[in-house]
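K.L.:
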Amino acid sequence: MARKTSFYYAFLVLPAEQRRAIISVWDFCRVVDDAVDEAPNRESAQQAMIFWRDELARVFDSPASARPPQTPQGLDLQPYVRRFDLPREAFEDVIDGCVMDLDTTRYETFDHLLEYCHRVASAVGIICIRIFGCQHPSSRQYALDLGVALQLTNILRDIKDDLEKGRVYIPQEDLRATGCSIEDLAAGKVTEPVRRLMELECGRAHEFYDRAIKARPDSDRWKLIAAEIMRAVYSETLRRIEHNQYDVFSHRTRVPKPKQALIALNQLLWPTQ
282 MARKTSFYYA FLVLPAEQRR AIISVWDFCR VVDDAVDEAP NRESAQQAMI
332 FWRDELARVF DSPASARPPQ TPQGLDLQPY VRRFDLPREA FEDVIDGCVM
382 DLDTTRYETF DHLLEYCHRV ASAVGIICIR IFGCQHPSSR QYALDLGVAL
432 QLTNILRDIK DDLEKGRVYI PQEDLRATGC SIEDLAAGKV TEPVRRLMEL
482 ECGRAHEFYD RAIKARPDSD RWKLIAAEIM RAVYSETLRR IEHNQYDVFS
532 HRTRVPKPKQ ALIALNQLLW PTQ
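Just so we're on the same page, our numbering is the position in the sequence shown counted from 1, plus 281.
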C-alpha cells in the first residue's frame, strides 16, 4: 500500500481482511482512472475503457469461469466480490465517471458535476460501506454525501493541474455568477473574482461534509471509522485551502503525514464531528 495516498491511515485502522479488500478496490479503481489520464490519445483511452469493462465482467464471473481476470488488479479484486457481496453497478459507475473525463472538459451546471462526483467518488463509498459491514440504511446517504465532499475538495485542490490537462470541473454557471473566468484561473493569481469563486465552492464542499455528518448513523459509527478518518483528513485539506487565502496555484495543498496520523488517532480516541 503506497504511503503517498491521503487514505493511508484510514486503511491502516481496518481489520486485515477489510484492509486487503479496500486496497484491492482502490487499486482497481485507480488503474481504471489512470487508463484515461495516462492514455497517449483519445482512441487509446476509449480502447482502455472497453478493456476495463470487459475485465470487470471477468471479475464478476465465477472463479471457475473460463474467463478469469487478465490483470493483477482484477485477480486481486475477484475474491472480495463474493466475500463482501460487492455491487457491480457501483464499479460500472466508476468506469462511467472515467468515460466522462474522456468526453467532458467543462460542466455547465452543478447538477452535471454532481453526476460526475457520484460516479467517481460516491460509487466507491457505496462499495466501501459494503466492506465495512454497515447495516443502517442511512450509511448509504452518508457515503453519497461524503463522496461528493471529497471529490469537491479534490477539484479545488487540483484546479491548476486540471487546467494543464484542459479540464475545468468548476461549473460554468458558478464562474459566471462570481464574475470569474477560466482565464482568471489560468493566470494563477487569487484576484477578487477568483476569491469569490473559491469561497462559493469551499462553502459547497463544507455543506456536503455537514450532510454526511448528519446522515451518519450512530449504529454504524465505528464501522465507518475509516471513512471518518478520510472525512477528517480531507476536511483539514479544505480548511488549509481557506487558510492559505484560496491559493491553490503556487503549491499543492497537502496535509503532512504526521498531521494525518494525529487526525486518525483523534478519530479513534475521541470521535467528534
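The beta carbon of each residue, even a glycine, is placed where N, CA and C say it ideally should be. Nothing here was measured: the structure is a model prediction, and the numbers come from that model.
Put ARG348 into one of helix, strand or coil per three-state DSSP.
P.N.:
Coil at ARG348, not helix or strand.
K.L.:
Touching or not, the stretch 333-344 and the stretch 394-411, by the rule of three or more beta carbon pairs under 8 Å?
P.N.:
These segments do not touch.
K.L.:
Kindly list the residues whose CB is nearer than 6 Å to the CB of ALA513, restricted to its own chain and excluding five residues on each side of it in sequence; keep chain order.
P.N.:
Hits under 6 Å: ILE544, GLN548.
K.L.:
Over what stretch of residues does the alpha helix (DSSP H) that includes TRP307 continue unbroken?
P.N.:
Start and end: 297-318.
K.L.:
Can you tell me the Cα-Cα spacing of TRP551 and VAL317, whole angstroms?
P.N.:
Looking at the two C-alpha atoms, the distance is approximately 40 Å.
K.L.:
Work out the CA separation of GLU464 and VAL313 for me, nearest whole Å.
P.N.:
Roughly 31 Å between the two C-alpha positions.
K.L.:
What residue range is occupied by the uninterrupted alpha helix (DSSP H) comprising TYR423?
P.N.:
419-438 is the extent of the alpha helix (DSSP H) around TYR423.
K.L.:
Near ILE407, which residues of its chain fall below 7 Å by C-beta distance, leaving aside the five closest residues on each side in sequence?
P.N.:
For ILE407, where only same-chain residues beyond five positions count, the Cβ hits under 7 Å are PRO368, ALA371, ARG421, ALA424.
K.L.:
Spatial neighbours of VAL294 within its chain, please: CB distance less than 8 Å, with the 5 preceding and 5 following residues excluded, ordered by chain position.
P.N.:
Within the same chain, VAL294 has close Cβ partners ILE506, ALA507, ILE510, ALA545, LEU549.
K.L.:
Look up ARG387 in the DSSP assignment and give the residues it is bridged to.
P.N.:
VAL449.
K.L.:
Starting from CYS409, follow the alpha helix (DSSP H) in both directions and report where the run begins and ends.
P.N.:
Looking at the DSSP string, the run of the alpha helix (DSSP H) that includes CYS409 is 404-413.
K.L.:
Evaluate PRO452 with the Cβ neighbour count: other Cβ atoms within 10 Å of its Cβ, from every protein chain shown; 16 or more gives buried, anything less gives exposed.
P.N.:
Buried, since its Cβ has 16 or more Cβ neighbours within 10 Å.
K.L.:
Determine the extent of the alpha helix (DSSP H) in which ARG487 is found, giving its start and end residues.
P.N.:
Residue identity differs from the one stated: residue 487 is His in this sequence, not Arg. Counting along the chain, the alpha helix (DSSP H) containing HIS487 begins and ends at 473-496.
K.L.:
Can you name, in chain order, every residue of its own chain whose Cβ lies under 6 Å from the Cβ of GLU517, other than the five neighbours on each side?
P.N.:
Cβ within range, chain order: VAL536.
K.L.:
Which residue comes first and which comes last in the alpha helix (DSSP H) that contains PRO537?
P.N.:
First-last for PRO537: undefined, no H or E at that position.
K.L.:
By DSSP, does LEU505 sit in helix, in strand, or in coil?
P.N.:
Here LEU505 sits in coil by DSSP.
K.L.:
How close, in whole Å, do the beta carbons of LEU433 and PHE489 come, if the pair is a contact with beta carbons under 8 Å?
P.N.:
Indeed, because the Cβ distance is near 6 Å, the residues count as touching under 8 Å.
K.L.:
Between which two residues does the alpha helix (DSSP H) containing VAL340 stretch?
P.N.:
First-last of the alpha helix (DSSP H) with VAL340: 323-341.
K.L.:
In its own chain, which residues sit with a C-beta less than 7 Å from the C-beta of THR472, not counting the 5 before and 5 after it?
P.N.:
Answer for THR472: ASP465, listed in chain order.
K.L.:
Hey, is the stretch 440-458 in contact with the stretch 319-334, meaning 3+ C-beta pairs nearer than 8 Å?
P.N.:
Short answer: they don't touch.
K.L.:
Can you tell me whether DSSP reads ALA283 as helix, strand or coil?
P.N.:
Note on ALA283: pLDDT 43, under 50, position unreliable in the model; the coordinate value appears next. Three-state DSSP puts ALA283 in coil, outside helix and strand.
K.L.:
Where does SER500 fall in DSSP's three states?
P.N.:
SER500: helix per DSSP, three-state reduction.
K.L.:
Pairing CB atoms from the stretch 385-397 with CB atoms from the stretch 356-368, are three or more of them under 8 Å?
P.N.:
No contact exists between the stretch 385-397 and the stretch 356-368.
K.L.:
Alpha helix (DSSP H) containing ALA467: first to last residue?
P.N.:
Unbroken alpha helix (DSSP H) run through ALA467: 463-467.
K.L.:
In terms of residues, what are the limits of the alpha helix (DSSP H) holding PRO353?
P.N.:
Per DSSP, PRO353 belongs to the alpha helix (DSSP H) from 353-364.
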